[in-house]
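Engineer: Sharing a structure, written as structure tokens. Questions coming.
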Amino acid sequence: MKLLALAVLGLMAMGVLRVSAWFAPGAPAAWIPPGNSLTATPATFGDELLGDGQLAALGISDNPGAILSYLRELVSPRNQKLLDNALTDLGAEDFATRENAQTVLANGGLAALALLEKAQSSEDPEVARRAKSSAEAVRRSRSPALIGAMVRSLESRRINGATEVLLSLGEQARESEPRLWHSLRAQVARLESAGLGVSALSSALADAAAPRRALAASALGGNADWSDRIVDLLNDADDQVRVEAAWSLVRAGRREGMASLVSLMAIAPAGLREDALEHLHQLGGDDTPDMAWAPDAAERLAFTSGWENWWKQASQRLGDVHIPPRPFLDRTLIVFLDAGEIAMLGSDDKDLWRFDKVDFPLDAEPLPGNRVLLAENQGNRVTIRSRTGKVLWEYPVTSPIAAQALPGGRIFIATRTDLFVVDRQGNRIRDWNRPAGEVYMRATALPDGGLGVVTLRQKFMRLNAAGEVLDTFPVLVSTTGGRIDVSPDGRVLVPMMHQDMVVELDMGGHDLRRFRVNEPIMAQRLPNGHVMMTSMAEQRAMEYDAAGRLVWDYQSQFSRVTRALRH
Numbered sequence: 059m060k061l062l063a064l065a066v067l068g069l070m071a072m073g074v075l076r077v078s079a080w081f082a083p084g085a086p087a088a089w090i091p092p093g094n095s096l097t098a099t100p101a102t103f104g105d106e107l108l109g110d111g112q113l114a115a116l117g118i119s120d121n122p123g124a125i126l127s128y129l130r131e132l133v134s135p136r137n138q139k140l141l142d143n144a145l146t147d148l149g150a151e152d153f154a155t156r157e158n159a160q161t162v163l164a165n166g167g168l169a170a171l172a173l174l175e176k177a178q179s180s181e182d183p184e185v186a187r188r189a190k191s192s193a194e195a196v197r198r199s200r201s202p203a204l205i206g207a208m209v210r211s212l213e214s215r216r217i218n219g220a221t222e223v224l225l226s227l228g229e230q231a232r233e234s235e236p237r238l239w240h241s242l243r244a245q246v247a248r249l250e251s252a253g254l255g256v257s258a259l260s261s262a263l264a265d266a267a268a269p270r271r272a273l274a275a276s277a278l279g280g281n282a283d284w285s286d287r288i289v290d291l292l293n294d295a296d297d298q299v300r301v302e303a304a305w306s307l308v309r310a311g312r313r314e315g316m317a318s319l320v321s322l323m324a325i326a327p328a329g330l331r332e333d334a335l336e337h338l339h340q341l342g343g344d345d346t347p348d349m350a351w352a353p354d355a356a357e358r359l360a361f362t363s364g365w366e367n368w369w370k371q372a373s374q375r376l377g378d379v380h381i382p383p384r385p386f387l388d389r390t391l392i393v394f395l396d397a398g399e400i401a402m403l404g405s406d407d408k409d410l411w412r413f414d415k416v417d418f419p420l421d422a423e424p425l426p427g428n429r430v431l432l433a434e435n436q437g438n439r440v441t442i443r444s445r446t447g448k449v450l451w452e453y454p455v456t457s458p459i460a461a462q463a464l465p466g467g468r469i470f471i472a473t474r475t476d477l478f479v480v481d482r483q484g485n486r487i488r489d490w491n492r493p494a495g496e497v498y499m500r501a502t503a504l505p506d507g508g509l510g511v512v513t514l515r516q517k518f519m520r521l522n523a524a525g526e527v528l529d530t531f532p533v534l535v536s537t538t539g540g541r542i543d544v545s546p547d548g549r550v551l552v553p554m555m556h557q558d559m560v561v562e563l564d565m566g567g568h569d570l571r572r573f574r575v576n577e578p579i580m581a582q583r584l585p586n587g588h589v590m591m592t593s594m595a596e597q598r599a600m601e602y603d604a605a606g607r608l609v610w611d612y613q614s615q616f617s618r619v620t621r622a623l624r625h
């Protein structure tokens, strides 16, 4: 309930609210190293770091000619007979013959990969081992991270020629390499936005090969000189060309693409579908349908119908299909840990919606479209659920303790032993090494690609994107689950449950300010400079302003309140 100022002051005078000091107003929790600006978000920083490392290992980072040659080699025809013979030679008695065969296959590109995937199940353990090793080499040679690093290098030097090669690579990748295809869409668009490869893309719009048309449509929808031709591709004979054209137009704010997009999403590539769904949820807000995609034909039909019906209604009120700035709704997401319930409160503290049967949620985050991201610790999964509790997305993982939404639809996940990022297709695309065998209690992804973590040895650690420890100091955290709040200027909020205290520390571990609260579990800065906390003993959430005044609270009679997230 809202508290009157006089009542608050009276309680403070009586000692009921045990506040000794408070924090200065701050921005939302996110770490920006003093004096530096962020050059990447967690959505891309890990990929770029990995790709740059792979490119450096090849020794061609500063050689654009060699990079182009490498890319062209990826799409060059292979001698099928040579590959067939090499596969047979994997089981040869002569060691040198086996070694040579493995080298030939490792450099055999996509044509070799199909052979190697079958050979991995060979009854001959030597053949299976070598086939597996060669297949891994082929995949590394075509990894989205590596190709992305090559494109960035060529773009920075204004080198032409890459777009044509990427279009050819797309012909190979669309059906058999969905992650590479998804990446190629972004890389071709990156070059186009830099003014590179536009001629190749314009020619590809009329190409006989559907993957080339699709990539061109994906890249040119936002180009005013070409977007009208992309509208024409909404009537293309190929479903995937149509959906790429529709999504490209919608991203550029063209309403013409929306009807086709919602009608084709169920058959769209997984990466595009998840990107488009996120766009639609952010665009539609509370009115978006409670629909989850599924491979079952009947469910896919219901999914399509639900979104088509939504657009029929929404099109009457939405003049623009750009994603609007995320509004402040004055809502509060509440986690009732023991009851396994999640509730969304309106500004009047009444339920807007509530659902139960959540398996011990240790972390939560409200998402646009009345969705919530949950780390269901005892359910061994991370989920995105709708306002009715329906599971819209799920990633199986043992005992997650934190789950955080990143730009681009990716999810940072922490367990007691792992820190990683997944995309919405379930691909694990970024990992951090575990420093010195530490066990994690809390973790937060930071905007520079690094992390803030609290370990079982009661240490706070700030890691950079490479997993190197930059700062560390002792903290008296005794509960596992959720995140640790780090401000842009490096101040850390630490809830110390057994000490009945929240402290604010700098990156040297020095005590800046503190205040007392009964068994705090969570402490998080709000965008307005206030701080939200939850209390284990009192089963209560509390919001304090910068002067230390209690301005809001919410108490449960049946469960610990472990998270309270105002948005």
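The opening residue of the sequence shown carries number 59 in my numbering; numbering runs sequentially from there. Ideal Cβ placement from N, Cα and C applies to all residues, glycine included.
Might you give, ordered along the chain, the residues of its own chain that have their beta carbon closer than 8 Å to the beta carbon of LEU534, omitting 5 neighbours on each side?
Structural biologist: These residues qualify, in order along the chain: GLN516, VAL552, MET554, HIS556 and GLN557.
Engineer: Just reading off the alpha helix (DSSP H) that ALA461 is part of, what are its end residues?
Structural biologist: Per DSSP, ALA461 belongs to no alpha helix (DSSP H); it is in the beta strand (DSSP E), 460-463.
Engineer: Mind listing, in chain order, the continuous beta strand (DSSP E) runs of no fewer than 3 residues lying wholly within the stretch 464-488?
Structural biologist: List check, beta strand (DSSP E) in window: 469-472 and 477-480.
Engineer: Starting from ARG571, follow its DSSP beta bridges and name the residues at the other end.
Structural biologist: Looking at the DSSP assignment, ARG571 forms a beta bridge with GLU562.
Engineer: How many Å lie between ALA144 and ILE125 at the Cα?
Structural biologist: Distance between the alpha carbons of ALA144 and ILE125 is about 27 Å.
Engineer: I want to know whether the stretch 348-362 touches the stretch 309-329 - three or more CB-CB distances under 8 Å.
Structural biologist: Cβ pair count under 8 Å is three or more, so yes.
Engineer: Given this structure, state the Cα-to-Cα distance separating LEU608 from GLN582, to the nearest angstrom.
Structural biologist: Each residue's alpha carbon lies about 15 Å from the other.
Engineer: Return the residue from the list PRO269, ALA267 and ASN218 that minimises the CA-CA distance to ARG248.
Structural biologist: It is ASN218.
Engineer: Would you kindly report the start and end of the unbroken beta strand (DSSP E) that includes MET402?
Structural biologist: Here the beta strand (DSSP E) through MET402 covers 399-403.
Engineer: Would DSSP call THR513 helix, strand or coil?
Structural biologist: It is a strand residue.
Engineer: Taking the DSSP output, what are the residues bridged to ARG624?
Structural biologist: In DSSP, ARG624 forms a bridge with THR390.
Engineer: Hey, is the stretch 346-360 in contact with the stretch 381-391, meaning 3+ C-beta pairs nearer than 8 Å?
Structural biologist: No, the stretch 346-360 does not touch the stretch 381-391.
Engineer: Please say whether PRO419 and ILE400 have beta carbons closer to each other than 8 Å?
Structural biologist: Yes. Within cutoff.
Engineer: Taking GLU423 as part of the beta strand (DSSP E), name the residues at either end of that continuous run.
Structural biologist: Element bounds for GLU423: 419-425.
Engineer: Looking at ARG243 and LEU273, is the spacing between their C-beta atoms short of 8 Å?
Structural biologist: Their beta carbons are under 8 Å apart, which means LEU273 touches ARG243 by this criterion.
Engineer: CB GLU628 to CB ASN576, shorter than 8 Å?
Structural biologist: Residue coverage of the chain in this structure runs from 59 to 625, which leaves residue 628 outside it and unanswerable.
Engineer: Can you tell me which of THR502, GLY507 and PHE531 puts its alpha carbon nearest to the alpha carbon of LEU108?
Structural biologist: Comparing Cα positions, the closest option is GLY507.
Engineer: How many Å lie between ASP378 and LEU403 at the Cα?
Structural biologist: Using only the alpha carbons, I get a separation of about 29 Å.
Engineer: If distances are taken between C-alpha atoms only, which option among PRO385, ARG313, VAL449 and LEU425 comes closest to ALA372?
Structural biologist: The option with the nearest alpha carbon to ALA372 is ARG313.
Engineer: Taking the C-alpha atoms as reference points, what is the distance between ASP105 and ALA501?
Structural biologist: Going from the Cα of ASP105 to the Cα of ALA501 covers about 20 Å.
Engineer: Which value, in whole angstroms, describes the spacing of the CA atoms of VAL196 and LEU171?
Structural biologist: Each residue's Cα considered, the two are about 7 Å apart.
Engineer: Per DSSP, what kind of secondary structure is ILE118 in: helix, strand or coil?
Structural biologist: Here ILE118 sits in coil by DSSP.
Engineer: Verify whether the separation of the beta carbon atoms of ALA472 and LEU425 is less than 8 Å.
Structural biologist: Contact: no.
Engineer: Between the stretch 227-235 and the stretch 156-164, can you find at least three pairs of beta-carbon atoms closer than 8 Å?
Structural biologist: Contact fails: fewer than three Cβ-Cβ distances are below 8 Å.
Engineer: Do you know how far the Cα of VAL455 is from the Cα of PHE690?
Structural biologist: Limits of the chain in this structure are 59 at one end and 625 at the other, which puts residue 690 out of reach.
Engineer: Just to confirm the assignment, what range does the beta strand (DSSP E) spanning MET580 have?
Structural biologist: Here the beta strand (DSSP E) through MET580 covers 578-583.
Engineer: Using DSSP with H/G/I as helix, E/B as strand and the rest coil, what is GLU434?
Structural biologist: GLU434: strand per DSSP, three-state reduction.
Engineer: State buried or exposed for LEU570, treating a residue as buried only when at least 16 other CB atoms are found within 10 Å of its CB.
Structural biologist: Exposed is the call here.
Engineer: I think GLN298 touches ALA207, with their Cβ atoms under 8 Å apart; what is that distance to the nearest whole Å?
Structural biologist: Wrong, their Cβ atoms sit about 27 Å apart, outside the cutoff.
Engineer: Near ALA277, which residues of its chain fall below 7 Å by C-beta distance, leaving aside the five closest residues on each side in sequence?
Structural biologist: For ALA277, where only same-chain residues beyond five positions count, the Cβ hits under 7 Å are VAL246, ALA247, GLU250 and LEU259.
Engineer: Does the beta-carbon distance from ALA189 to SER180 come in below 8 Å?
Structural biologist: Yes.
Engineer: Starting from the C-beta of PRO122, find all residues in its chain whose C-beta is less than 8 Å away, skip the five residues before and the five after it, and write them out in chain order.
Structural biologist: Cβ neighbours of PRO122 beyond the five flanking positions: SER211, LEU212, ARG215 and ILE217.
Engineer: CB-CB under 7 Å to THR221, same chain, minus the five flanking residues each way: which ones, in chain order?
Structural biologist: Result list for THR221: VAL246, LEU249, LEU254, GLY255, ALA258 and LEU259, in chain order.
Engineer: Kindly indicate which residue of SER241, PHE518 and SER617 has the alpha-carbon position closest to the one of ALA328.
Structural biologist: Per the Cα distances, SER241.
Engineer: By a C-beta neighbour count over all protein chains shown, 10 Å radius and 16 as the cutoff for buried, is ASN137 buried or exposed?
Structural biologist: The residue in question, ASN137, is exposed, as its Cβ has fewer than 16 Cβ neighbours within 10 Å.
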